[in-house]
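Student: Start counting the sequence shown at -2; every next residue gets the next number (my numbering). Virtual Cβ for every residue (Gly too), placed ideally from N, Cα, C. These numbers were taken from a predicted model, which means no experiment stands behind them.
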Amino acid sequence: MTSIEAAQEAAKRNLWLHFTRMSAYEDSDVPVIVRGSGAYVYDQHGKRYLDGLSGLFVSQVGHGRTELAEAGARQAAELAYFPLWSYAHPKAIELAARLAELAPGDLNRVFFTTSGSEAVESAWKLAKQYFKLTGQPGRYKVISREIAYHGTSMGALAVTGLADIKHPFEPLAPGGVRVPNTNFYRAPDFLAGDETEFGRWAADEIERAILREGPQSVAAVFLEPVQNSGGCFPPPPGYFQRVREICDRYGVLLVSDEVICAFGRIGYYFGAQRYEYQPDIITFAKGVTSGYSPLGGMLVSDALMEPFTAGTATFLHGITFAGHPVSCAVALANLDVFEKEDLLGNVRGHEAAFRATLEKLYDLPIVGDVRGAGYFYGIEMVKDKVTRETFTDEESERLLRGFLSQALFDAGLVCRADDRGDPVIQLAPPLICGQEHFDEIERILRAVLTEAWTRI
Ligand SMILES: Cc1ncc(COP(=O)(O)O)c(C=O)c1O
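(1) The beta strand (DSSP E) spanning Val156 covers which residue range?
(2) For Ala216 versus Gly284, is the C-beta spacing smaller than 9 Å?
(3) Jot down the residue ranges of each uninterrupted alpha helix (DSSP H) in the segment 69 to 102, minimum 4 residues, whole runs only, in chain order.
(4) Using a Cβ-Cβ cut-off of 6 Å (strictly less than) and excluding sequence neighbours within five positions of Arg368, which residues of its own chain qualify?
(5) Check whether the segment 91 to 98 touches the segment 130 to 138, taking contact to mean three or more Cβ pairs, one atom from each stretch, closer than 8 Å.
(6) Output the distance between the C-alpha atoms of Pro28 and Tyr46, rounded to the nearest integer angstrom.
(7) Flag this pair as yes or no: are the beta carbons of Glu143 and Asn105 separated by less than 9 Å?
(8) For the candidate residues Gln213, Phe166, Arg241, whose alpha-carbon lies nearest to that of Asp201?
(9) Below 8 Å, can you find three or more Cβ-Cβ pairs linking the segment 80 to 90 to the segment 290 to 298?
(10) Can you tell me which residues form a DSSP beta bridge with Ala414?
(11) State yes or no: is the C-beta of Asn225 nearer than 8 Å to some heavy atom of ligand 1?
(12) Quick one: is Met(-2) buried, meaning 16 or more other Cβ sit within 10 Å of its Cβ, or exposed?
(13) Counting pairs of beta carbons, one from the segment 108 to 122 and one from the segment 353 to 360, are three or more of them closer than 8 Å?
(14) In the structure shown, what three-state DSSP assignment does Gly456 receive?
(15) Between Phe108 and ligand 3, is there a pair consisting of the residue's CB and a ligand heavy atom that are separated by less than 8 Å?
(16) Is any non-hydrogen atom of ligand 1 found closer than 8 Å to the C-beta of Ser51, if you look at the structure I gave you?
(17) Could you spell out the range, first to last residue, of the alpha helix (DSSP H) harbouring Ala189?
(18) Which residues bound the alpha helix (DSSP H) around Val460?
(19) Give the DSSP bridge partners of Phe378, in chain order.
(20) Around the Cβ of Ile453, are there at least 16 other Cβ atoms within 10 angstroms (buried) or fewer (exposed)?
(21) Which residue or residues does DSSP assign as beta-bridge partners of Tyr37?
(22) Do the CB positions of Leu220 and Phe195 come within less than 9 Å of each other?
(23) Measure the CB-CB distance between Val364 and Val379 and report whether it falls below 9 Å.
(24) Under 9 Å, do Leu396 and Val445 count as touching if we go by C-beta distance?
(25) Hey, how far is the Cα of Pro168 from the Cα of Pro276?
(26) Within this structure, are the beta carbons of Val223 and Val249 separated by less than 9 Å?
(27) Going by C-alpha to C-alpha distance, which of Phe388, Trp13, Gln213, Gly320 sits closest to Cys244?
(28) For His42, is the classification buried or exposed, using 16 other Cβ atoms within 10 angstroms of its Cβ as the cut-off for buried?
(29) Is it a yes or a no for the segment 255 to 268 touching the segment 337 to 351, going by three-plus beta-carbon pairs under 8 Å?
(30) Shorter than 8 Å, the distance from the beta carbon of Phe54 to the closest heavy atom of ligand 1, or not?
(31) By DSSP's criteria, Lys138 is part of a beta bridge. Which residues make up the other side?
(32) Given Tyr22, which residues of its chain have a CB within under 7 Å of its CB, disregarding the five upstream and five downstream residues?
(33) Taking 8 Å as the cut-off, does the CB of Asp254 come closer than this to any heavy atom belonging to ligand 1?
(34) DSSP three-state call for Thr280: helix, strand or coil?
(35) The beta strand (DSSP E) that contains Gly173, what's its start and end?
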């Protein structure tokens, strides 16, 4: 047995892939990615793929960066681990100060986690304890949007708006309340054609939810700057400004879940800066280290921190590996690359070209909508462009799972065919990419989507 065959056997026998039908690999190989360089990754046979999803919205600076690997190795040699429970370590201090400097407004306090789910979980717990400390103990509910993904731990899952991935785990933490998302392509008929009005309506739905639930029971609203799940819904003009007003009116906290959108994905360090709103908390993970080591966290406003600064008050929450020294060192090196190579400038300078290149696909009958911002796009596929009719569950199953995902991968593109909302292809290439990568993405999508149309 070759080492490649042995690895296949062990992968099938011992490894449990996340959100994956393991039966899909009964008769085919588990894809094994062994190395990466720049915008490309390579499998065990040496075949090259363009990483059109940055792994999982993670690899902002691209693969194979020795300066990040070396920063991690240096830190592990000096101090591999010490907890942030009662102690600090230099890299956590330096990173917290640097993130506070980059963040909008008075988000000056950083609570580290290891992942995005933990960041969301921590933000909800903080909101609850904050209100208990400040004389409003009835505030515990959280409002979030339909189809939005905010993580998989029990609390984060209760914030998530995807029914299918929640059902097996019910009952979840109580208090999750859903409002409409900002999918303008699927706006209700009476709002189609006027994006500003649509945005106002969607924001006002948050107010209606607060009033319905009772303002004294609502702790926070969780929103991504651009909603990922469902295929990249940017906020309509004025949406976040209106949401901010509503939150202020009812004393509800605004949490910007930037696990995907922060660190350059949409051209700014934080998505709230692009859309000019001031959150009370920003949750982050993924791109903060470009994946060279796991790290997440939340940035918290001075006002939220204030009740925790006196007497015996303590945020009763912690995670062993949160703010791991190696991850903090890697995050600092990652931010150095952002500065040295002006990655924000690269995204802002090329985003119009990325959009224009993807929009060329509009000549295909299956491409209904191309939407997104920065280096973060979704392409919605439809059965009928004019009526915007979507696929039945059976067609979606056959098209996405039966054909597209595998065909795109076989054609050398890592991206994501997703039908958690209407069927979309999601793209989020590393922030180092330029026109040649956009062209490669377009070429592969064109060939595979053309073939897909013949199979409907
Ligand atoms: C917006 C958002 N929040 C939270 C999460 C959960 O992050 P993690 O998978 O690191 O737990 C994700 C993951 O994709 C996400 O996109």
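Tutor: In brief:
(1) For the purposes of this step, residue 156 is identified with residue 159 of the sequence shown, where counting begins at 1. Note, Val156: premise wrong, no beta strand (DSSP E); alpha helix (DSSP H) at 151 to 156.
(2) By one-based count along the sequence shown, residue 216 stands at place 219. By one-based count along the sequence shown, residue 284 stands at place 287. Contact: no.
(3) 87 to 99
(4) Residue numbering aside, residue 368 sits at position 371 when the sequence shown is read from its first letter. Cys229, Gly375.
(5) no
(6) One-based indexing of the sequence shown puts residue 28 at position 31. One-based indexing of the sequence shown puts residue 46 at position 49. Using only the alpha carbons, I get a separation of about 12 Å.
(7) As a position in the sequence shown, residue 143 is number 146, starting the count at 1. As a position in the sequence shown, residue 105 is number 108, starting the count at 1. Against a cut-off of 9 Å, the Cβ pair of Asn105 and Glu143 comes out as no contact.
(8) What you label residue 201 is simply residue 204 of the sequence shown in a count that begins at 1. Nearest of Gln213, Phe166, Arg241 to Asp201, Cα basis: Arg241.
(9) no
(10) In the sequence shown, counting from the first residue as 1, residue 414 sits at position 417. Paired residues: Ile422.
(11) In the sequence shown, residue 225 corresponds to position 228, counting from 1. Checking the Cβ of Asn225 against ligand 1 gives yes.
(12) Against the sequence shown, residue -2 aligns to sequence position 1. When all chains shown are included, Met(-2) counts as exposed.
(13) no
(14) Residue 456 lies beyond the stretch modelled for the chain, which goes from -2 to 453, so this question has no answer here.
(15) Inclusion of ligand 3 in the displayed structure is not the case, the ligand content consisting of ligand 1 alone.
(16) Position 54 of the sequence shown, counting from 1, holds the residue named residue 51. No - ligand 1 has no heavy atom lying nearer than 8 Å to the Cβ of Ser51.
(17) Counting from 1 along the sequence shown, the entry for residue 189 is found at position 192. Where Ala189 is concerned, there is no enclosing alpha helix (DSSP H), given that its DSSP letter is neither H nor E.
(18) Because the chain in this structure spans residues -2 to 453, residue 460 falls outside the shown range and cannot be described.
(19) The residue labelled residue 378 in the question sits at position 381 within the sequence shown. In the sequence on display, residue 378 carries Met and not Phe. BP columns for Met378 point to Val364.
(20) Here the question's residue 453 lines up with position 456 in the sequence shown. Its Cβ having fewer than 16 others within 10 Å, Ile453 is exposed.
(21) Position 40 of the sequence shown holds residue 37. Answer is Ser34, Leu47, bridged to Tyr37.
(22) Your numbering for residue 220 matches position 223 in the sequence shown. Your numbering for residue 195 matches position 198 in the sequence shown. Not in contact: Leu220 and Phe195 (Cβ atoms no closer than 9 Å).
(23) One-based indexing of the sequence shown puts residue 364 at position 367. One-based indexing of the sequence shown puts residue 379 at position 382. Yes.
(24) Along the sequence shown, read from residue 1 onward, the residue named residue 396 stands at position 399. Along the sequence shown, read from residue 1 onward, the residue named residue 445 stands at position 448. Contact: no.
(25) As a first step, residue 168 is located in the sequence shown; it is residue number 171 there, counting from the start. As a first step, residue 276 is located in the sequence shown; it is residue number 279 there, counting from the start. Those two C-alpha atoms are separated by around 29 Å.
(26) Position 226 of the sequence shown, counted from the first residue, corresponds to residue 223. Position 252 of the sequence shown, counted from the first residue, corresponds to residue 249. Not in contact: Val223 and Val249 (Cβ atoms no closer than 9 Å).
(27) Taking the first residue of the sequence shown as 1, we reach residue 244 at position 247. Considering only alpha carbons, the answer is Gln213.
(28) Within the sequence shown, residue 42 is the residue found at index 45, counting from 1. So His42 ends up on the exposed side.
(29) yes
(30) Position 57 of the sequence shown holds residue 54. Answer for Phe54: yes, Cβ within range of ligand 1.
(31) What you label residue 138 is simply residue 141 of the sequence shown in a count that begins at 1. Val215.
(32) Along the sequence shown, read from residue 1 onward, the residue named residue 22 stands at position 25. The residues are Lys9.
(33) Taking the sequence shown and counting its residues from 1, one reaches residue 254 at position 257. Yes.
(34) The sequence position of residue 280 within the sequence shown is 283, counting from 1. Note: Thr280 maps to strand in three-state DSSP.
(35) Translated into the one-based positions of the sequence shown, residue 173 becomes position 176. From DSSP, the beta strand (DSSP E) with Gly173 extends over 173 to 176.
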